[in-house]
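Using the working numbering, read the sequence shown as starting at 730 and increasing by one per residue.
Cβ atoms here follow ideal geometry from the backbone N, Cα and C, with glycine treated the same way.
All figures in this text were calculated on a predicted structure; none of them were measured in a lab.
Working notes for the structure below.
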Amino acid sequence: MEIAKKIIYNQNQELRNHISQIDAFESLSLTIDLNDFEIPNFNLNEAELVKPIEAFLQPIQEFKNKPCLYFFEITDGNRKEIRTAYEKLNFNNKAALKKEDDKLLETNCLYLGKSQKGIIHRMKVHFGYKQTTEKGLQLLHWSKPLEMKLKIHIICFSKTSDFLLPMYEKTLNGELKPLIGYL
730 MEIAKKIIYN QNQELRNHIS QIDAFESLSL TIDLNDFEIP NFNLNEAELV KPIEAFLQPI
790 QEFKNKPCLY FFEITDGNRK EIRTAYEKLN FNNKAALKKE DDKLLETNCL YLGKSQKGII
850 HRMKVHFGYK QTTEKGLQLL HWSKPLEMKL KIHIICFSKT SDFLLPMYEK TLNGELKPLI
910 GYL
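Below, the structure written as structure tokens:
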């Protein structure tokens, strides 16, 4: 029994030390005008393919290789039309859709996600500039005809805080109630 108590005590002490090192977080919000982006042409090589999104991603570079939470806020747009357009997207790697209900259509959150160290990559997936099996919004493949305005909010944490991302994501999901993703 003493060995078990000692192990638990040491683990708890290690956890307390880890938590005491948690730093403050940084945040960034960017307005997205989908008309500024071209629908990706997958016949181009990778460098040419992602050129249209590179300028938009520049302010996010400082968060590269750091744990981040992010969410897309709908600042203008009909939620029902947005959901219907996304449902029609015929991609295997699109994010999950929650069961439709009237309360869900009141949300301002389109999507909530996290990235341990690949926020730039995740944005390329969400905008539709990556051919991948990863789940994502694929925004440019369905949203351009809609009169939708978005903001992306990114919250970046120190590397010592990465273990907290799932907890933060779960809590924010309950509060923001994203229209797409995270069941």
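In the three-state reduction of the DSSP assignment, E791 falls in the helix class, which pools H, G and I.
One alpha carbon belongs to H850, the other to K780, and they sit about 14 Å apart. In terms of CA proximity to L905, I803 leads the group N819, K735, I803. Within the same chain, Cβ atoms closer than 7 Å to the Cβ of F792 are found at I848, I883, C885, the five residues on either side in sequence being excluded. Inclusion of Y840 and P907 in the CB contact set at 7 Å is warranted, their separation being smaller than that value. In this structure, I909 places its C-beta atom within 7 Å of the C-beta atom of Y815. Under the three-pair Cβ rule at 8 Å, the region 731-744 does not count as touching the region 859-870. P769 sits close to L778, with the two beta carbons spaced by under 7 Å. The residue among I732, E743, H747 with its C-alpha nearest the C-alpha of K888 is H747. Close CB contacts of M852 within its chain, under the 7 Å cut and outside five residues either way in sequence, are with L786, I789 (chain order).
Per DSSP, the unbroken beta strand (DSSP E) holding H882 starts and ends at 878-885. By the neighbour-count criterion, in which a residue is buried when 16 or more other Cβ atoms sit within 10 angstroms of its Cβ, S844 is buried. L841: member of the beta strand (DSSP E) spanning 838-844, first to last residue.
Taking C-beta atoms as the reference points, C838 and F892 fail to come closer than 7 Å. For L798, the closest alpha carbon among the candidates N819, I732, L744, K846 is that of K846. Contact between I761 and L879 holds: CB atoms are separated by about 4 Å, below the 8 Å threshold.
As computed with DSSP, I761 is found in a beta bridge with L879.
S872 is the residue among S756, N794, E775, S872 whose C-alpha sits nearest the C-alpha of R812. DSSP links S749 through a beta bridge to no other residue.
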